[in-house]
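Enquirer: Dropping a structure here in structure tokens format, bear with me for questions.
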Amino acid sequence: MASSHYSEPPLTDHFDDDDDIVQQGGGLAADEDDAIARQGLKSTLKIESVTKIEKLENTTKIYKKASTKSSKDRPKVADLPEDAKLRWNFMKIRCVDAIGKELPWADLSDAAITKLWNGMFDENEEHTVLISNTPYLDKRKATRDEVELFQLIKPLVRNQVLAAEWKTQFALAAIKAVHAEWDRRDLDTPDQRASWVSQMLGPDPRDRHSKNRPFLWRATDSLTWSGQDPNTCGGGLFLGRMVLKVFAEHLSIVGSSTPGALEALGFVPSSKPRGALMLSIQAVNRALEYSLTGKTEVPQGNDKTGHFSKENWGDYERLTTVNGQDYRKPVKRATVFAATINALDDQRWAAIIDAGKAFIGKKETSERRGRARVGAAPLLEVQESDDEVIQDSMYM
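The sequence shown begins at 1 in full-length UniProt numbering and counts up by one.
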């Protein structure tokens with residue numbers, strides 16, 4: 001990809017959490033973690049019965065790593081007990097699958113992380129790693145060792161897995177997808193690229209609440225598409241190739257290159273990962289919005305306005321005045337298409353997932369043809385038209 005397409009963005013995601021330590025640019029926290037993650041699932045498959053983790057040998061180290069804010073000493077997969085390292089890749093898959101079913105920008109609670117972790121143990125095993133202060137499996141209080149292990153696992157899940165290895169990769173994949181389209185369509189000048197980007201974003205390119213987004217439709221993938229209503233020339237809602245390329249980032253994590261490997265562990269990925277699809281849409285929207293000039297330019301600076309984050313892309317509430325009374329009005333950004341996505345039947349979900357899988361691991365080759373303070377105000381009732389389900393001519 002030509003370097004002139006793109007100025008390097010700050011893509012660090014952000015959680016409102018004390019353990020928020022994520023590298024800018026995304027990716028795994030360390031090379032050693034990458035090696036551990038690569039072998040994790042393979043090692044897990046070799047274990048018929050998981051060895052119980054007895055007394056933790058590195059409790060002091062875990063506590064030190066979990067308690068610091070220094071990037072040098074941030075929690076790493078290498079700090080986990082040996083048995084936990086073997087499970088880590090499977091834990092990552094379970095966490096991404098779980099969050100992918102939720103609404104965009106949701107977080108895994110402490111209880112959810114606990115449930116996902118303990119769910120990797122056999123039912124008859126003693127769960128010596130109870131990692132929450134609100135135990136999921138029994139009423140006893142967590143031991144100090146368990147609390148300290150949880151303090152290590154929680155930031156690894158939230159910051160490394162869900163932020164760096166999941167959401168950040170969506171943002172990066174979306175920018176690559178836009179640039180690939182510029183190449184595929186022989187859009188060589190900024191003016192050509194800007195014109196196409198504007199077309200793909202619809203009549204209100206900077207309105208993040210708009211439902212008129214041509215890039216969502218398979219019909220607009222055609223090199224002959226020139227701005228007409230995509231639902232009248234083939235349809236294919238949520239099957240646009242840029243969206244599918246980003247969605248493939250999610251599918252590549254929850255899937256496995258080894259046939260039957262995850263099924264052997266009793267794991268079947270969600271057949272309706274609505275949150276992952278909505279985030280994929282937002283990532284493409286973001287990449288296009290920041291490319292309206294014909295060059296991808298993500299806002300720089302310390303205010304984080306360019307980050308792919310809940311603050312910039314999540315739903316929020318604003319104050320509106322009706323008859324002299326202030327109300328809180330919900331403003332949708334992340335869930336603009338929630339009603340339509342929630343209404344998708346099994347057939348359409350299968351089509352979206354199958355189409356997304358086609359882009360997993362696919363190398364890009366040349367395809368050239370040649371908020372305000374509103375909490376105290378009452379909530380304003382949302383009109384039903386805001387949740388209108390978009391129909392798709394491809395299935396009519």
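Note that the Cβ used here is the ideal one computed from N, Cα and C, for glycine as well.
#1: If you count every other CB in all the chains shown that lies within 10 Å of the CB of D97, and 16 or more means buried, which is it?
#2: Please name the residue, chosen from P155, W88, N342, that lies closest to I253 on a Cα-to-Cα basis.
#3: Which residues in the same chain have their Cβ closer than 6 angstroms to the Cβ of A287, if we skip the five residues on either side of it in sequence?
#4: Expressed to the nearest angstrom, what Euclidean distance is found between the alpha-carbon atoms of W117 and E289?
#5: Starting from residue 400 and walking both ways along the beta strand (DSSP E), at which residues does that stretch end?
#6: Rounded to a whole number of angstroms, what is the C-alpha to C-alpha distance between R318 and S309?
#7: One question on the structure: do G240 and R208 come within less than 9 angstroms of each other, judged by their Cβ atoms?
#8: For L319, report the span of its beta strand (DSSP E) as first-last.
#9: Relative to the C-alpha of L277, which candidate in M91, V77, E82, I99 has its C-alpha closest?
#10: Suppose the cutoff is 7 angstroms on Cβ atoms and the five residues either side in sequence are ignored; what does the same chain contact list for E181 look like?
#11: Could you please give me the residues that DSSP links to T189 through a beta bridge?
#12: Look at the alpha carbon of E249 and the alpha carbon of A106, and state the distance between them as a whole number of angstroms.
#13: If K211 sits next to F359, beta carbons under 8 angstroms apart, how far is it from one beta carbon to the other, in whole angstroms?
#14: Could you tell me which of V147, A78, R274, K295 sits nearest to T340, measuring between CA atoms?
#15: For K272 and T143, what's the separation of their Cα atoms in angstroms?
#16: Could you tell me which whole alpha helix (DSSP H) segments of length 4 or greater appear in the stretch 223 to 268?
#17: Secondary structure at T296, three-state DSSP: helix, strand or coil?
#18: First and last residue of the alpha helix (DSSP H) that includes D79?
#19: In whole angstroms, give me the CA-to-CA distance for V77 and A355.
#20: Please state if the CB of L244 and the CB of P104 are separated by a distance shorter than 9 angstroms.
#21: Can you give me the C-alpha to C-alpha distance between A334 and G314, rounded to a whole angstrom?
#22: Hey, L223 and P214: beta-carbon distance below 9 angstroms or not?
#23: Opposite P330 in the DSSP bridges: which residues?
#24: Rounding to the nearest angstrom, what Cα-Cα distance links A351 and A343 in this structure?
#25: Helix, strand or coil for I390 per DSSP?
#26: Name the DSSP bridge partner or partners of Q325?
#27: Can you tell me whether W217 is helix, strand or coil according to DSSP?
#28: By Cβ distance, which residues of its chain are closer than 8 angstroms to V268, with the 5 residues on each side in sequence left out?
#29: Less than 9 angstroms separating the beta-carbons of Q199 and G227?
#30: Verify whether the separation of the beta carbon atoms of residue 401 and P190 is less than 9 angstroms.
#31: Whose C-alpha, out of Q391, V322, T258, T320, is nearest the C-alpha of D345?
#32: By Cβ distance below 7 angstroms, which residues in the same chain neighbour S270 in space, the five residues on each side in sequence not counted?
Expert: With the structure as the only source:
#1: Classification for D97: buried.
#2: Looking at P155, W88, N342, the one whose alpha-carbon comes closest to that of I253 is W88.
#3: Result list for A287: A174, I175, V178, in chain order.
#4: Between W117 and E289, the C-alpha separation is close to 38 angstroms.
#5: Since the first residue of the chain shown is 1 and the last is 396, residue 400 is not available in this structure.
#6: One C-alpha to the other measures close to 18 angstroms.
#7: R208 is positioned such that its CB atom lies no closer than 9 angstroms to that of G240.
#8: For L319, the enclosing beta strand (DSSP E) starts and ends at 316 to 322.
#9: Selected option, being the one with the closest Cα: I99.
#10: Closer than 7 angstroms at the Cβ level, and outside the excluded window around E181, lie M242.
#11: Beta-bridge pairing by DSSP links T189 to no other residue.
#12: Between the alpha carbons of E249 and A106 lies a distance of about 18 angstroms.
#13: Their Cβ separation, rounded to whole angstroms, is 25 angstroms, which puts K211 and F359 out of contact at 8 angstroms.
#14: That would be R274, whose Cα lies nearest to the Cα of T340.
#15: Their backbone Cα atoms lie some 37 angstroms apart in a straight line.
#16: 241 to 254, 261 to 264, all fully within the stretch 223 to 268.
#17: In the structure shown, T296 sits in a strand (DSSP, three-state: E or B).
#18: According to the DSSP assignment, D79 belongs to no alpha helix (DSSP H), since it is labelled neither H nor E.
#19: Each residue's Cα considered, the two are about 33 angstroms apart.
#20: No; because the gap between Cβ atoms is not below 9 angstroms, this pair is not in contact.
#21: Each residue's Cα considered, the two are about 5 angstroms apart.
#22: No, the Cβ-Cβ distance between L223 and P214 is not below 9 angstroms.
#23: Within the DSSP secondary-structure output, P330 pairs in a beta bridge with E317.
#24: Between A351 and A343, the alpha-carbon positions lie close to 14 angstroms from each other.
#25: It is coil, neither helix nor strand.
#26: Q325 is bridged to V322.
#27: W217 carries a strand assignment under DSSP once its states are collapsed to helix, strand and coil.
#28: Correct list, in chain order: L262.
#29: G227 is positioned such that its CB atom lies closer than 9 angstroms to that of Q199.
#30: Any answer about residue 401 is impossible in this case: the structure gives the chain only from 1 up to 396.
#31: For D345, the nearest C-alpha among the options comes from Q391.
#32: So the list reads D97, G100, K101, once near-sequence residues are dropped.
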